[in-house]
């Protein structure tokens with residue numbers, strides 16, 4: 001039997017505010033445990049929440065970016081459950097009237113086609129603290145750090161519109177691109193700034209009813225997400241084909257061991273007993289505020305891609321890659337502004353630089369080769385100072401921190417010889433030193449002569465210590481050999 | 001409206017409350033009577049009344065995104081039952 005996969009995503013996005021959603025405590029990452037948990041975050045008796053305006057504005061900006069309905073009046077609810085990293089005993093969140101309503105996000109698939117993924121809604125809520133169970137702790141004890149408690153999040157809930165792990169990852173990456181482009185999230189996945197819960201079910205191809213779904217929670221990388229979906233789809237299909245049934249449950253995927261296990265089934269699922277939070281009044285977003293935020297909204301990824309095609313005469317392929325990541329876009333524009341050579345910059349970024357960054361698990365934000373350094377290299381390639389082969393050597397040296405392109409070219413004596421007088425002399429010497437090769441060239445059919453040039457080129461490059469400009473040498477060599485015919 | 005004994009037991013579990021055998025019948029009866037009152041309220045005609053969860057027309061005041069809180073960890077942790085290396089200690093939550 002053929003099976004169809006159905007996937008829906010819930011995405012938690014940490015908002016890039018300076019302070020918590022309901023308190024004036026800092027949200028900066030990596031502080032001493034519990035040094036950024038104030039009385040409100042700790043749920044001390046007598047404290048009351050005061051909502052952060054910036055968090056509301058960021059949520060509205062996300063809604064505008066995905067062309068969603070903005071609820072002018074939204075309310076906060078309490079979601080009740082007990083866990084040590086949730087000091088209040090409830091999470092303040094939105095259920096009945098979330099701030100962002102229906103919208104959609106267009107993803108581009110590998111075959112070049114577009115697909116719209118519907119967004120059910122996005123709501124504001126607070127993050128919980130963090131529990132540690134390992135490390136220097138007494139036996140039978142877990143430690144709780146509440147620095148993250150109260151960090152503002154938006155939870156984006158998609159419709160079950162994705163049909164493969166590839167589509168789910170494309171959607172997740174597009175969301176990452178949108179939230180970082182409009183500056184509402186720093187996008188640092190390793191710090192938990194974006195976390196994904198995936199709902200997966202399978203059904204016979206052609207069926208219109210949904211199968212029973214499972215939810216795999218808290219995936220914090222695109223790679224883990226793809227693996228977790230693929231494994232879960234396989235597990236469900238095997239289970240059904242062996243005569244079993246999928247049970248609705250929450251699962252956890254361990255990216256290091258590649259093993260997923262059941263966390264809790266529906267029967268044990270919490271009954272959260274939601275009710276409107278009596279400590280918070282309805283949040284009103286006026287038309288004026290919405291319009292103000294709409295006008296100030298930074299460029300969106302799709303618009304940026306169109307602009308790259310027109311402003312820099314890039315191919316759709318190049319523009320799509322460069323605009324698919326906001327850090328990469330910023331890097332590209334900053335580098336191109338200095339080198340004035342968009343095509344060569346794009347080639348180096350998409351090729352060499354991306355490959356190196358990927359192999360060392362780095363991003364354009366923390367690239368060892370800066371936009372400025374790449375520009376200086378591109379300038380030297382474009383003005384024929386160095387060949388492509390030399391450029392790779394220079395690139396390596398810049399990556400290793402050995403200096404700027406010009407410094408390295410100088411230090412390594414890599415400057416390409418383009419002075420025609422000097423080149424003519426080398427070519428003449430090589431021709432004179434190799435009468436047999438010259439003979440062979442003259443006696444060859446015209447069509448085969450081109451192939452014979454390789455032998456001369458090799459010797460000329462050797463004589464010039466690899467510094468001769470190959471295009472120029474080629475021209476001089478042909479001219480000189482043709483004179484002998 | 002009658003509330004079932006099992007529902008009380010489930011609610012107690014979710015709320016981390018222990019209700020002993022002797023009082024569970026009494027709690028069940030009392031909560032049922034509260035729900036009876038809710039049933040009575042449901043019969044009121046409120047067709048012309050807009051849904052509201054609050055008694056007055058006012059909206060949430062918003063705060064500007066500025067850090068106003070200092071690190072008071074020492075003070076807060078001085079009243080914690082147990083701490084370890086700056087972390088609040090709790091009974092281990094996973095196996």
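Residue numbers (the UniProt record's numbering), protein chains in the order written: chain A, 1 to 485; chain B, 1 to 95. Beta carbons: idealized from backbone N, C-alpha and C, even for Gly.
- The alpha-carbon of residue 447(A) is positioned some 32 Å away from that of residue 385(A).
- Only residues of its own chain outside the window of five on either side were considered, and among them 4 and 211 have a CB closer than 6 Å to the CB of residue 203(A), listed in chain order.
- Boundaries of the alpha helix (DSSP H) around residue 22(B): 21-42.
- For residue 415(A), no alpha helix (DSSP H) run applies, since DSSP gives it neither H nor E.
- Sequence-ordered contacts of the segment 16-35 of chain A with chain B read 17, 18, 19, 23, 24, 25, 26, 32, 33, 34 and 35 [C-beta pairs closer than 7 Å].
- Here DSSP, grouped into helix, strand and coil, assigns residue 163(A) to coil.
- For a Cβ distance threshold of 7 Å, nothing in chain A lies close to residue 43(B): the least Cβ distance comes to about 22 Å.
- Sorting 130(A), 45(A) and 205(A) by C-alpha distance to the C-alpha of residue 29(A) places 130(A) at the top.
- Minimum Cα-Cα distance from residue 236(A) among the listed residues 247(A), 60(A) and 226(A) corresponds to 247(A).
- For residue 281(A) and residue 132(A), the gap between their C-alpha atoms comes out near 35 Å.
- Counted as a single uninterrupted DSSP element, the beta strand (DSSP E) harbouring residue 12(A) occupies residues 3-14.
- For residue 317(A), the enclosing alpha helix (DSSP H) begins and ends at 316-323.
- Boundaries of the beta strand (DSSP E) harbouring residue 194(A): 194-204, taken from the DSSP string.
- Boundaries of the alpha helix (DSSP H) harbouring residue 358(A): 354-359, taken from the DSSP string.
- Annotated as distal: residue 61(A) and residue 156(A), with beta-carbon spacing of 8 Å or more.
- The segment 158-173 of chain A makes contact with the segment 113-120 of chain A; the number of CB pairs closer than 8 Å reaches 3 or more.
- Residue 226(A) holds the alpha-carbon nearest to the alpha-carbon of residue 162(A) among 186(A), 226(A), 54(A) and 193(A).
- Of the other Cβ atoms in all chains shown, fewer than 16 fall within 10 Å of the Cβ of residue 41(B); this residue is therefore exposed.
- Straight across, the Cα-Cα distance linking residue 323(A) with residue 302(A) is about 8 Å.
- Residue 56(B) counts as exposed, since fewer than 16 other beta carbons sit within 10 angstroms of its beta carbon.
- For residue 57(A), the three-state secondary structure derived from DSSP is helix.
- Taking a contact to require three or more Cβ pairs closer than 8 Å, the segment 20-38 of chain A and the segment 56-76 of chain B qualify as touching.
- Only buried fits residue 125(A), as 16 or more other CB atoms lie within 10 angstroms of its CB.
- Using a C-beta cut-off of 8 Å, the segment 39-48 of chain A makes no contact with the segment 178-193 of chain A, since fewer than three inter-stretch Cβ pairs fall below that distance.
- In the displayed model, residue 99(A) falls within coil according to three-state DSSP, outside both helix and strand.
- Beta-bridge partners of residue 145(A) (DSSP): 130(A).
- Classified as buried, residue 397(A) has 16 or more neighbouring CB atoms from the shown chains inside 10 Å of its CB.
- A straight-line Cα-Cα distance of about 12 Å links residue 451(A) and residue 458(A).
- Distances from the alpha-carbon of residue 63(A) to those of 19(A), 175(A) and 89(A) put 175(A) closest.
- Residue 115(A) has a beta carbon lying at 8 Å or more from every beta carbon in chain B.
- The Cβ neighbour count for residue 195(A), taken over all protein chains shown within 10 Å, is at least 16; the residue is labelled buried.
- Per DSSP, residue 22(A) lies in no alpha helix (DSSP H) segment and is marked neither H nor E.
- Interface annotation, residue 54(A): in contact with chain B, CB-CB separation under 8 Å.
- Assignment of residue 216(A) by DSSP, reduced to helix, strand and coil, places it in the strand class.
- Pairwise C-beta distances place the segment 363-376 of chain A in contact with the segment 343-350 of chain A, as three or more of them are shorter than 8 Å.
- Per DSSP, reduced to three states, the secondary structure at residue 451(A) is helical.
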